[in-house]
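As numbered in the numbering used here, residues 495 to 675 make up the sequence shown, in order.
Quick notes on the structure that follows.
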Amino acid sequence: KGYRNYSKTFKTPKRPFEKERLMNELNHIGTYGLRCKKEVWRVQYTFAKLRKAARELLTLDSTDQRRIFEGDALIRRMVRLGLLKDNERKLDYILGLTINQFFERRLQTVVAKKGIVGSKTSIHHARVLLRQKHIAVGKQLVNIPSFMVRVSSEPHIQLSQNSVFRTGKPGRTKKIRNKGK
495 KGYRNYSKTF
505 KTPKRPFEKE
515 RLMNELNHIG
525 TYGLRCKKEV
535 WRVQYTFAKL
545 RKAARELLTL
555 DSTDQRRIFE
565 GDALIRRMVR
575 LGLLKDNERK
585 LDYILGLTIN
595 QFFERRLQTV
605 VAKKGIVGSK
615 TSIHHARVLL
625 RQKHIAVGKQ
635 LVNIPSFMVR
645 VSSEPHIQLS
655 QNSVFRTGKP
665 GRTKKIRNKG
675 K
């Protein structure tokens, strides 16, 4: 018996050929080194769900137990991800978030900004490093570019233990080339 979760992860746009939206999506893909538009839509979908939850909680009375409990949990999650600062602990600030702030917290973007392998790590090279299992967060190897980096784990992003960039050993193709010589 399968226990798979079949909930949606993204939502396609209602108007597929709206020029401004298409240009916006291409701009996000180029700036943050995304693979396809589905990655943009996935972030937009999560962003929409967060905004919806915040809007719904704002309609409740400020002394309501549900608003206090769920609102604090939502704000705590946003602060932990680094989307909100400590002085922005209000539901109103969640409505002010942008999609660019979400993309800035992805592991691919953080690795590119940190320049772990070299000072000139492009956003595309960062994605390749991740997919080829060269990056670890703490001791955990992570190969998912869309991994949302928490503020607490940001200083622990490093090269993985077995990465050829850390060990200095020749890689797979270099070994084959050296064998031929």
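Using N, Cα and C, we set each Cβ at its ideal position, and we do this for glycine too.
{"Item": "Inspect the beta-carbon positions of Q602 and L577 and report whether they are closer than 8 angstroms.", "Value": "no"}
{"Item": "Just curious, the alpha helix (DSSP H) that L551 is in, first and last residue?", "Value": "531-553"}
{"Item": "Would you kindly work out how many angstroms separate the C-alpha atoms of I629 and I593, rounded to a whole number?", "Value": "25 angstroms"}
{"Item": "Is the CB-CB distance between G565 and L551 below 8 angstroms?", "Value": "yes"}
{"Item": "Grab the span of the alpha helix (DSSP H) containing L653 for me, first residue to last.", "Value": "Unbroken run through L653 is the beta strand (DSSP E), 651-653; no alpha helix (DSSP H)."}
{"Item": "Is V605 helix, strand or coil by DSSP?", "Value": "helix"}
{"Item": "Report the rounded CA-to-CA distance for Q626 versus G609, giving the unit in angstroms.", "Value": "16 angstroms"}
{"Item": "Could you check which residue in G590, N581, V573 has the C-alpha nearest to that of R599?", "Value": "V573"}
{"Item": "Does I588 pass the burial test, meaning 16 or more other C-beta atoms within 10 Å, or should it be called exposed?", "Value": "buried"}
{"Item": "Taking the alpha-carbon positions, what's the V631 to F641 distance?", "Value": "10 angstroms"}
{"Item": "What residue from R536, Q538, L585 has the CA that sits closest to T553's CA?", "Value": "L585"}
{"Item": "Could you give the distance in angstroms between the alpha-carbon of Y539 and the alpha-carbon of Y500?", "Value": "15 angstroms"}
{"Item": "Going by C-alpha to C-alpha distance, which of A606, R515, L516 sits closest to E648?", "Value": "A606"}
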